[in-house]
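Working notes, structure below.
There are 4 protein chains.
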Amino acid sequence: MTERKIMLAVIGRDGKIDDEVKKICYNIGRDIAKAKCILICGGMNGVMEGACRGASENGGLTIGILPTGNKDDANKYVQISIATGIGFARNAVITSAADGIIAINGKHGTLSEIGFALGYDKPVVLVNGSKGICDDLDFSKAKFENLYKSDAEDAVNLCLNLIKKSVVK
Amino acid sequence: MTERKIMLAVIGRDGKIDDEVKKICYNIGRDIAKAKCILICGGMNGVMEGACRGASENGGLTIGILPTGNKDDANKYVQISIATGIGFARNAVITSAADGIIAINGKHGTLSEIGFALGYDKPVVLVNGSKGICDDLDFSKAKFENLYKSDAEDAVNLCLNLIKKSVVK
Amino acid sequence: MTERKIMLAVIGRDGKIDDEVKKICYNIGRDIAKAKCILICGGMNGVMEGACRGASENGGLTIGILPTGNKDDANKYVQISIATGIGFARNAVITSAADGIIAINGKHGTLSEIGFALGYDKPVVLVNGSKGICDDLDFSKAKFENLYKSDAEDAVNLCLNLIKKSVVK
Amino acid sequence: MTERKIMLAVIGRDGKIDDEVKKICYNIGRDIAKAKCILICGGMNGVMEGACRGASENGGLTIGILPTGNKDDANKYVQISIATGIGFARNAVITSAADGIIAINGKHGTLSEIGFALGYDKPVVLVNGSKGICDDLDFSKAKFENLYKSDAEDAVNLCLNLIKKSVVK
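Protein chains in written order, with the numbering used here: chain U, 254 to 422; chain H, 254 to 422; chain R, 254 to 422; chain F, 254 to 422.
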């Protein structure tokens, strides 16, 4: 039996994202691949596609947990497409399955995933400068124990370190 | 066939809440009952119990959508206990089923429900002064179209007006 | 607090059913209402509509757990429409929430619900002569402990007795 | 982008299975791997473990869609463990995600999955001589369009041919 790899979720908005955000997504996907982790996400476009591309083009494995029941709804960089058919309740599945979560940009769906991830006691890293709710929501007063902020270049490392710590405790 | 009543979700933290928050919950539950609406919630304790008590003691109907498969896990003011067995993915069900959502206090689970509700295009009213994420998260920069803040005494009315508007558009 | 009523699920096919099956559905819905139980079902047409009509027209309460996110997709005899948005995974919710299950006619969806109900250790009563899988599948060799067959006029009573027994053990 | 592989679900009972059934499971898992398909299953023991072992030891990829939120609940031959946290509603996810389904042995959970698979219009192959509901339920009168029976050595090929046909139509 092969040791199971760490699974990192990338969460963030579907739809159009600008080039600056796209680059962040790509780089984080790439860093996940280089760290020999599996990238899990919602399988759609926008942030998810950008990150899957980065991972996929750097030898990583990408999993998309789709809301629909059609596996071809996944973006083309999703290698393993799990067409759940359970709608946005799949947000609960993504965060339950991941060992750690990295949020880039993000709208309401991302908000639901951050909520779930914190509820499941998983470390969540919000990427600074990625716009959307990562920049626009001020979580500091809410003092969520497992919520962190990081620049893009450190996000994967930070998330991996937090996972290791949570395994120890 | 009876016309179906409007269903309002009350979302907020499980576990202990202080007397001030309890009173807010009770009053909002009572206002929901007086407005002849059905109260739907996660069925657990804390905010959910407080609101169910307010509705239940004022002639209202209360529905609890439980994470577990045991209907007796509901608080005692839940009249109809739907033991889903799907864990916290039931947060997606509550917000999908409701016509409008009122958030009181709240932690991570509430965050996931706010995210879902906005994704489902339902009006969400955060109650001022109810502590938790309602007071501690500053959503103003994120500019969510269907997210509103209100004092406790106006929350139910505001939510009902927003539902009516969204039906018109 | 009011004592919570027993919740009986009626499961069976969506779509067109003939008059003979319709009558069975109506009568079982009526018997559920007369037994002061709540009828829970998938909220759609066919068997579900027939049973909801029987319950609704005899003073009973009817709950529909819909696959879609639109509460108006329920048949008109559903009084409380829970629009889950989780697709057919809602079959797991119906059977988890019910205290006992009565199957009338039925196709594949009904099969999934019988499977879940047995997995959740709930009594399941298949109605003789209601066609569909109730008549066409021979379960006798499989020896499922909680699976029973009954004529329509005894189905609700049998189910209630089985629920009482299971509470005792 | 790599072309996505066909995903075959193996469904069947959790818990102890005898050596004869174990061998069937192993061989079907092996055949799935040799056909360059991905094996998806519920990730638990019994039939699922046997099939994952066969696939895993023959160079295949195995995915487990767990009911719990703990990825270590998977059997040791599951390479990608998706800990959904949604309980047995995950049976809907497995069958929605798969292109075709092979049932070995089986109890109530398997019944729910057969029901879902047929509802999702996926081909289902029951393995002759594998005991459980595959041998004990007589589906012949129910005339489900996508339900087939096969000996173990032909099951994977039959399922693949049925998938190809359904793509054409």
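For every residue, glycine included, the Cβ atom is placed at its ideal position computed from N, Cα and C.
| query | Exposed or buried, F:S393, counting other C-beta atoms within 10 Å across all chains shown (16 or more means buried)? | reply | Looking up residue 393 of chain F in the fourth sequence gives position 140. Classification of F:S393: exposed, given that the 10 Å Cβ count is below 16.
| query | What are the start and end residues of the alpha helix (DSSP H) that includes U:C305? | reply | Translated into positions along the first sequence, residue 305 of chain U becomes position 52. It spans V300 to S309 - the alpha helix (DSSP H) in which U:C305 sits, taken as one unbroken run.
| message | Which residue wins for smallest C-alpha separation from F:S365, given the options F:G265, F:D271 and F:C278? | response | The residue you call residue 365 of chain F lines up with position 112 of the fourth sequence. Nearest C-alpha to F:S365: F:G265.
| task | With DSSP collapsed to three states, give me the class of R:V331. | result | If you number the third sequence from 1, residue 331 of chain R lands on position 78. In the structure shown, R:V331 falls within a coil segment according to DSSP collapsed to helix, strand and coil.
| Buried/exposed call for H:E406, threshold 16 Cβ in 10 Å | Position 153 of the second sequence, counting from 1, holds the residue named residue 406 of chain H. With fewer than 16 Cβ atoms within 10 Å of its Cβ, H:E406 is classed as exposed.
| request: Indicate whether H:L390 and U:L415 have their beta-carbon atoms separated by less than 8 Å. | output: As a working note, residue 390 of chain H is residue 137 in the second sequence. As a working note, residue 415 of chain U is residue 162 in the first sequence. Not closer than 8 Å, so no.
| When the cut-off is 8 Å and only beta carbons count, does F:G340 lie next to chain H? | Along the fourth sequence, one-based indexing puts residue 340 of chain F at 87. At least one chain H Cβ lies under 8 Å of F:G340.
| field | Exposure of R:N323, with buried meaning 16 or more beta-carbon neighbours within 10 Å | value | Here residue 323 of chain R refers to the residue found at position 70 when the third sequence is read from its first residue. Under this definition R:N323 is an exposed residue.
| message | For U:C387, report the span of its alpha helix (DSSP H) as first-last. | response | Position 134 of the first sequence holds residue 387 of chain U. Taken as a continuous stretch (DSSP letters only), the alpha helix (DSSP H) holding U:C387 covers G385 to D389.
| request: Going by DSSP, name the residue or residues bridged to R:Y401. | output: For the purposes of this step, residue 401 of chain R is taken as the residue at position 148 of the third sequence. R:V378, per the DSSP bridge assignment.
| What do you reckon, are the CB atoms on R:G362 and R:F341 nearer than 8 Å? | Residue mapping note: residue 362 of chain R aligns to position 109 of the third sequence, counting from 1. Residue mapping note: residue 341 of chain R aligns to position 88 of the third sequence, counting from 1. The Cβ-Cβ distance between R:G362 and R:F341 falls below 8 Å.
| F:C294 (DSSP reduced to helix, strand or coil) | Within the fourth sequence, numbered from 1, the residue matching residue 294 of chain F stands at position 41. Correct three-state label for F:C294: strand.
| field | Beta carbon of F:G299 nearer than 8 Å to that of F:G338 | value | Translated into the one-based positions of the fourth sequence, residue 299 of chain F becomes position 46. Translated into the one-based positions of the fourth sequence, residue 338 of chain F becomes position 85. Against a cut-off of 8 Å, the Cβ pair of F:G338 and F:G299 comes out as no contact.
| How would you list, in chain order, the residues of chain H whose beta-carbon sits under 9 Å from the beta-carbon of U:A351? | Stepping through the first sequence from its first residue, residue 351 of chain U is reached at position 98. Near U:A351 there are no residues of chain H at all, since even the closest Cβ is about 14 Å away, more than 9 Å.
| said: Could you check whether the Cβ of H:T337 sits closer than 8 Å to any Cβ belonging to chain R? | reply: Looking up residue 337 of chain H in the second sequence gives position 84. Yes, because at least one Cβ of chain R sits closer than 8 Å to the Cβ of H:T337.
| request: Check the DSSP bridge columns for U:L314 and list the partner residues they point to. | output: Start at 1 with the first residue of the first sequence, and residue 314 of chain U comes out as number 61. DSSP output for U:L314 lists U:I291 as bridge partner(s).
| field | Straight-line Cα distance separating F:E310 from F:A408 | value | Here residue 408 of chain F corresponds to residue number 155 of the fourth sequence, with the count starting at 1. Here residue 310 of chain F corresponds to residue number 57 of the fourth sequence, with the count starting at 1. About 19 Å.
| query | Do you know how far the Cα of U:G307 is from the Cα of U:K276? | reply | The residue you call residue 276 of chain U lines up with position 23 of the first sequence. The residue you call residue 307 of chain U lines up with position 54 of the first sequence. Those two C-alpha atoms are separated by around 9 Å.
| query | What are the start and end residues of the beta strand (DSSP E) that includes F:G353? | reply | As a position in the fourth sequence, residue 353 of chain F is number 100, starting the count at 1. That run of the beta strand (DSSP E) goes G353 to I357.
| query | Just how far apart, CA to CA, sit R:T241 and F:D284? | reply | The structure shown does not extend to residue 241 of chain R, since chain R spans only 254 to 422, so no value can be given for it.
| said: I need the DSSP call for U:I270, collapsed to helix, strand or coil. | reply: For this step, residue 270 of chain U is matched to residue 17 along the first sequence. U:I270 sits in coil when the DSSP states are folded into three classes, being neither helix nor strand.
| For F:N381 and F:I281, the rounded distance between their alpha carbons | On the fourth sequence, residue 281 of chain F is found 28 positions in, with the first residue counted as 1. On the fourth sequence, residue 381 of chain F is found 128 positions in, with the first residue counted as 1. Straight-line measurement puts the Cα of F:N381 at about 13 Å from the Cα of F:I281.
| message | Bridge partners for U:G265 per DSSP, in chain order? | response | If you number the first sequence from 1, residue 265 of chain U lands on position 12. Per DSSP, U:I357.
| Among the residues of its own chain, which have a CB less than 7 Å from the CB of U:K289, if the five just before and after it don't count? | Your numbering for residue 289 of chain U matches position 36 in the first sequence. Excluding the 5 residues flanking it on each side, U:K289 has same chain C-beta neighbours closer than 7 Å at K258, in chain order.
| message | In the DSSP output, which residue or residues are listed as bridge partners for H:A336? | response | Start at 1 with the first residue of the second sequence, and residue 336 of chain H comes out as number 83. Answer is H:L319.
| Name the residues in the region 261-293 of chain H whose C-beta lies less than 8 Å from a C-beta of chain U; which are they? | From the region 261-293 of chain H, no residue has a Cβ closer than 8 Å to chain U.
| Taking C-alpha atoms, which residue in F:Q332, F:A327, F:D326 and F:G359 lies nearest to F:V263? | Sequence index remark: in the fourth sequence, residue 263 of chain F carries index 10 (1-based). The residue with the shortest Cα to Cα distance from F:V263 is F:G359.
| message | Measuring alpha carbon to alpha carbon, tell me which residue in H:D352, H:S383, H:F397 and H:I357 is nearest H:G368. | response | As a first step, residue 368 of chain H is located in the second sequence; it is residue number 115 there, counting from the start. Answer by Cα proximity: H:F397.
| Closest Cα partner of H:I386 within the set H:A395, H:I357, H:A304 and H:K329 | As a first step, residue 386 of chain H is located in the second sequence; it is residue number 133 there, counting from the start. The shortest Cα separation from H:I386 among H:A395, H:I357, H:A304 and H:K329 belongs to H:I357.
| request: Could you please give the first and the last residue of the uninterrupted alpha helix (DSSP H) stretch that includes R:I347? | output: Walking along the third sequence from the start, residue 347 of chain R turns up at place 94. R343 to A350 is the extent of the alpha helix (DSSP H) around R:I347.
| said: Less than 7 Å between C-beta atoms, sequence neighbours within five positions excluded: which residues of the same chain meet that for F:S403? | reply: Start at 1 with the first residue of the fourth sequence, and residue 403 of chain F comes out as number 150. For F:S403, the CB contacts under 7 Å within the same chain, skipping 5 residues up- and downstream, are V378, V380, N381 and L411 in chain order.
| Applying a beta-carbon distance threshold of less than 9 Å, which residues of chain H neighbour U:L415? | Translated into positions along the first sequence, residue 415 of chain U becomes position 162. Neighbourhood of U:L415 in chain H, by CB distance below 9 Å: empty, with the nearest CB roughly 16 Å away.
| query | How about F:A345: is its C-beta nearer than 8 Å to some C-beta of chain U? | reply | Position 92 of the fourth sequence, counted from the start, is the residue given in the question as residue 345 of chain F. Chain U places a beta carbon closer than 8 Å to that of F:A345, counting this residue as a contact.
| query | Buried or exposed: where does R:D352 fall if 16 or more other Cβ atoms within 10 Å of its Cβ makes it buried? | reply | What you label residue 352 of chain R is simply residue 99 of the third sequence in a count that begins at 1. Buried: at least 16 other Cβ atoms inside 10 Å.
| field | Alpha-carbon to alpha-carbon, F:N328 and H:I318 | value | Locating residue 318 of chain H in the second sequence gives position 65, counting from the first residue. Locating residue 328 of chain F in the fourth sequence gives position 75, counting from the first residue. Cα-Cα distance, rounded: 31 Å.
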